[in-house]
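A.B. asks: Keeping their order, the protein sequence lines are chains Y and R.
Residues 1 to 170 (this note's numbering) are what the first sequence spells out, left to right.
Residues 1001 to 1261 (this note's numbering) are what the second sequence spells out, left to right.
Take this structure first; my questions come after.
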Amino acid sequence: MVSTAPTLASAEATAWTALHAVADPEIPVLSVVDLGLVRFIKFDESGQIEVGLSPTYSGCPAMTVIRGAVIAALRAAGFSHPRVTELLAPPWTSDWLSAEGREKLRRYGIAPPAHAVDSPRSLWLQAPAVQCPVCASAATEELSRFGSTPCKALYRCKSCLEPFEYFKCI
Amino acid sequence: MSRAHAAPADDARAAHVDYLLQLADTSLVLGQRLGELLGHAPALEEDLGLANISLDLMGQARLLLTHAGTLEGRGRTEDQLAFLRTEREFRNLALAELPNGDFAQTIARQVLIDAYQLELYERLQQSSDGQLAAIAGKAVKETRYHLRFSGGWLVRLGDGTEESHRRAQRALDLLWPYTCEFFDEQPEDHALQRLGVAPPLTELEPHWSAAVDDILREATLVRPVKTPFRWYGRRGVHTEHLGHMLTDMQYMQRTYPGAEW
Chain Y
1 MVSTAPTLAS AEATAWTALH AVADPEIPVL SVVDLGLVRF IKFDESGQIE
51 VGLSPTYSGC PAMTVIRGAV IAALRAAGFS HPRVTELLAP PWTSDWLSAE
101 GREKLRRYGI APPAHAVDSP RSLWLQAPAV QCPVCASAAT EELSRFGSTP
151 CKALYRCKSC LEPFEYFKCI
Chain R
1001 MSRAHAAPAD DARAAHVDYL LQLADTSLVL GQRLGELLGH APALEEDLGL
1051 ANISLDLMGQ ARLLLTHAGT LEGRGRTEDQ LAFLRTEREF RNLALAELPN
1101 GDFAQTIARQ VLIDAYQLEL YERLQQSSDG QLAAIAGKAV KETRYHLRFS
1151 GGWLVRLGDG TEESHRRAQR ALDLLWPYTC EFFDEQPEDH ALQRLGVAPP
1201 LTELEPHWSA AVDDILREAT LVRPVKTPFR WYGRRGVHTE HLGHMLTDMQ
1251 YMQRTYPGAE W
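So, in structure tokens, the structure goes:
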């Protein structure tokens, strides 16, 4: 038992490294780890790996691709029979984006999410103050609540006039 | 075997599966209706917005159908439930299947159902059915965005031009009677409420009413009066429109059974 512990720890580290390299198909600058999709990495008694993935939106069409990419990456890292379990609860939230992920988003030209709204009652709140990812101006306006994917809204900067996407809070 | 001879546990399970189908079918049918607008919405932003809402609804429907199929235990998958049931086997709210009409009608239909689903999913997060509670936990966040979109649009249409106001009021008057089944409880509903699966619909009504009234007030629209009209999509009694929609939605699986890609 004592002798297997370091092996498991290093296997887990290998798995995390492999998952850090799995890009989101819609926002390739982010990995599935940056997005906070990976909820756990476990090993069963025979040493087979299991990864818990949290889907973002119920209808996210990227989930099938992500699941496949995770399995492929783990196989390539030497895990023979990786298993992926989808976790609905607790529901994924944009609060799970890592600090590194938020910075990567900003550099990519997508404004990172403000803090999540946790009450379903706060329907008519003003749209959050979003900083332009190009010129950092706070003078921005919402063009549309929905963008090219469910997780993004369309904004425009009133200072540099650049349109940009905002990763929505959910 | 007749229902009279079925064990109480079987009855409870049948009612539970039926309830999941009601939730799933409302999302599925409404999602399909919104999908019809893809490439046809009045502006690009609305095209994207409606398509995104449709995608969320489809995702919720898939999770709910899969759960219903598992609970039913007859090996039916989400696809089989979506594409191989007949019109009378669909359990969606009749309002969801009504045609898109003009943009005001699409939006009014959306507001009424979004506000309903929001109240419902909020309470279903505490359902004794753990999987349903998990699905509701995801759906409630998505539905909040849906109502912001649809509610915002109803306000703009109602409080917009004379023409947009007239159309929004007309749509509301046309659709309102179909909301009667939102809160009409059946004996099966009571059984599920006792088991903690579903929330009491009577408890939902004042909250839904208040949320809708808030939007209507801002939109300067008049809340239509209650009428004796009754229609029950949840019991499988549908308008003429669902059958037509299904011929389109189910065409591929009916023509090429089991086709995959």
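Here a beta-carbon is modelled for each residue, glycine too, at the ideal position from N, C-alpha and C.
If contact is defined by three or more beta carbon pairs under 8 Å, each pair taking one atom from either stretch, is the region 1077-1084 of chain R in contact with the region 1172-1184 of chain R?
C.D. replies: Counting Cβ pairs under 8 Å, fewer than three are found: no touch.
A.B. asks: Return helix, strand or coil for residue 1103 of chain R, following the three-state DSSP convention.
C.D. replies: Here residue 1103 of chain R sits in helix by DSSP.
A.B. asks: What are the residues in the region 77-89 of chain Y lying within 7 Å of chain R by C-beta distance?
C.D. replies: Result list: 88 and 89.
A.B. asks: Give a yes or no on whether the C-beta atoms belonging to residue 151 of chain Y and residue 168 of chain Y are separated by under 8 Å.
C.D. replies: Their beta carbons are under 8 Å apart, which means residue 151 of chain Y touches residue 168 of chain Y by this criterion.
A.B. asks: Using the C-alpha atoms, what's the distance from residue 1171 of chain R back to residue 68 of chain Y?
C.D. replies: Approximately 45 Å between the Cα atoms of the pair.
A.B. asks: For residue 1263 of chain R, does the three-state DSSP call read helix, strand or coil?
C.D. replies: A query on residue 1263 of chain R cannot be resolved here, the shown segment of chain R reaching from 1001 to 1261 and no further.
A.B. asks: Is the number of C-beta pairs between the region 100-108 of chain Y and the region 23-32 of chain Y that are closer than 8 Å three or more?
C.D. replies: Because the criterion of three Cβ pairs below 8 Å is met, the region 100-108 of chain Y and the region 23-32 of chain Y touch.
A.B. asks: Between residue 1072 of chain R and residue 1014 of chain R, what straight-line distance do the alpha-carbon atoms span, to the nearest angstrom?
C.D. replies: Approximately 7 Å between the Cα atoms of the pair.
A.B. asks: If we ignore side chains and look at the alpha-carbon of each, how far apart do residue 1210 of chain R and residue 49 of chain Y end up?
C.D. replies: For residue 1210 of chain R and residue 49 of chain Y, the distance between alpha carbons rounds to 50 Å.
A.B. asks: Residues of chain R with CB under 7 Å from residue 91 of chain Y, in chain order?
C.D. replies: Near residue 91 of chain Y (Cβ distances below 7 Å), the residues of chain R are 1137, 1138 and 1141.
A.B. asks: Taking only beta carbons into account, state which residues of the region 135-147 of chain Y come closer than 7 Å to chain R, listed in chain order.
C.D. replies: Result list: 143, 144, 145, 146 and 147.
A.B. asks: Tell me which residues of the region 1180-1196 of chain R have at least one Cβ-Cβ distance to chain Y shorter than 7 Å, keeping chain order.
C.D. replies: Flagged: no residues at all.
A.B. asks: In the structure shown, what three-state DSSP assignment does residue 1148 of chain R receive?
C.D. replies: Residue 1148 of chain R falls in the helix class under three-state DSSP.
A.B. asks: Given a threshold of 16 other Cβ atoms within 10 Å of its Cβ, counted over all protein chains shown, does residue 132 of chain Y qualify as buried or as exposed?
C.D. replies: The residue is buried, with at least 16 neighbouring Cβ atoms inside 10 Å.
A.B. asks: Quick check on DSSP: helix, strand or coil for residue 120 of chain Y?
C.D. replies: Unreliable placement is indicated for residue 120 of chain Y, whose pLDDT of 48 sits below 50; no coordinate value is reported for it.
A.B. asks: At 8 Å on the CB atoms, spell out the chain Y contacts of residue 1156 of chain R, in chain order.
C.D. replies: Correct list: empty, because the minimum Cβ distance to chain Y is about 13 Å.
A.B. asks: What whole-angstrom Cβ distance do residue 1025 of chain R and residue 1142 of chain R have, given they're in contact under 8 Å?
C.D. replies: Not confirmed; about 17 Å, so no contact.
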